[in-house]
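These notes are about the structure you will find just below.
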Amino acid sequence: MIYEFRTYTLHPRTLPEFMKRFGDALPKRERFSKLAAFWYTEIGPLNQVIHVWPYENALERSRIRAEAVKDGSWPAKTGEFIVDMKAEILEPLPFSPPLTPSSNGPYFEMRSYVLGPGTIPEMAKRWGEHLPGRLKLSPLTGVFTSDLGGLNQWVHIWAYKSLDQRMEVREKARAAGIWPPPGGSPVVRQESKILLAAPFSPIK
1 MIYEFRTYTL HPRTLPEFMK RFGDALPKRE RFSKLAAFWY TEIGPLNQVI
51 HVWPYENALE RSRIRAEAVK DGSWPAKTGE FIVDMKAEIL EPLPFSPPLT
101 PSSNGPYFEM RSYVLGPGTI PEMAKRWGEH LPGRLKLSPL TGVFTSDLGG
151 LNQWVHIWAY KSLDQRMEVR EKARAAGIWP PPGGSPVVRQ ESKILLAAPF
201 SPIK
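Just so you know, the numbering used here puts 141 at position 141 of the sequence shown, and the rest follows in order with no gaps.
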């Protein structure tokens, strides 16, 4: 399983119309494959949307995208709103939950790390050992490493009922010594975004 994360930066004040057109076109696109999630930024880089598409492999992705374009169903008529587009192929870690419909939000924190070369196996080992304790505090939406796009990326997404809950959970995890996983950190760069789900997003 792979996930395509498509991040678009939009012109200011165009998000509502972008989401309307995207949502209107989505049923036709989903005749070919289902959307996993659609978020937009609330805190962090502004005017961004992130839509996530699961595929079995790169060949299926290429086939489905070509079929949707040939059919005229996709892309949605939103090009006039887009400033920048980025596509990344991410692979879930073995302990990542699948991106299936859920209602654990409405707030999601997407944390993107760049790790030192060759350190992903050690990071995965630490996470696998310490994640059960962290999951007692709040649900993990998914954790991924990059396959295509920026190298050595580690992306994890957490769901919260409120921003206050996020602060409480993070403070509890640090105070208890269960998170972040103890030991030296291979992280060389970090980025965090607070996201909200679109009304049509399967993950809310």
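Using N, Cα and C, we set each Cβ at its ideal position, and we do this for glycine too.
Cβ of residue i within 8 Å of Cβ of residue j?
i, j, result
"Ala68", "Glu4", "no"
"Ser192", "Arg126", "no"
"Phe108", "Ile157", "yes"
"Ala176", "Leu99", "no"
Quick check on DSSP: helix, strand or coil for residue i?
i, result
"Ala173", "helix"
"Ile203", "strand"
"Lys136", "coil"
"Met167", "helix"
"Lys193", "strand"
"Leu81", "One detail in the question is off: residue 81 reads as Phe in this sequence, not Leu. Helix at Phe81."
"Pro31", "Correcting the residue type first, residue 31 is Arg in the shown sequence and not Pro. In the structure shown, Arg31 sits in coil (DSSP, three-state: anything other than H, G, I, E or B)."
"Met1", "coil"
Quick one, which of the options has its alpha-carbon nearest residue i's?
i, options, result
"Gly150", "Arg31, Lys172, Tyr113 and Ile2", "Tyr113"
"Arg189", "Ser73, Glu122, Gln153 and Leu10", "Gln153"
"Ile120", "Val155, Gly133 and Asn104", "Val155"
"Gly105", "Pro199, Pro27 and Gly79", "Pro199"
"Asp147", "Tyr8, Asn57, Thr78 and Gly177", "Asn57"
"Leu135", "Tyr160, Met123, Leu46 and Gly118", "Tyr160"
"Ser103", "Ser162, Phe81, Asp71 and Leu10", "Ser162"
"Gly72", "Leu10, Ala25 and Gly184", "Ala25"
"Pro186", "Ala124, Arg170 and Asn47", "Ala124"
"Lys28", "Pro54, Pro45 and Ile64", "Ile64"
"Leu10", "Pro181, Thr78, Tyr55 and Glu171", "Thr78"
Do you know offhand how far residue i's Cα is from residue j's?
i, j, result
"Met1", "Ala76", "25 Å"
"Val52", "Arg61", "12 Å"
"Ile203", "Gly23", "14 Å"
"Leu115", "Ile194", "21 Å"
"Ser201", "Ser33", "14 Å"
"Leu196", "Trp179", "24 Å"
"Arg174", "Pro132", "15 Å"
"Arg13", "Ser96", "35 Å"
"Glu30", "Glu122", "38 Å"
"Glu129", "Trp39", "29 Å"
"Phe81", "Leu137", "38 Å"
"Arg6", "Ile50", "6 Å"
"Val83", "Tyr8", "7 Å"
"Pro101", "Pro117", "34 Å"
"Asn47", "Trp74", "22 Å"
"Lys70", "Met85", "21 Å"
message: I'd like to know if the segment 138–145 and the segment 90–102 are in contact, where contact means that at least 3 CB-CB pairs between them fall below 8 Å.
response: As far as the Cβ criterion goes, the segment 138–145 touches the segment 90–102, which means the pair count is three or higher.
message: Does the segment 8–20 come into contact with the segment 149–166, if we say contact requires no fewer than three beta-carbon pairs (one atom in each stretch) closer than 8 Å?
response: Per the Cβ contact rule, the segment 8–20 is not in contact with the segment 149–166 (fewer than 3 Cβ pairs under 8 Å).
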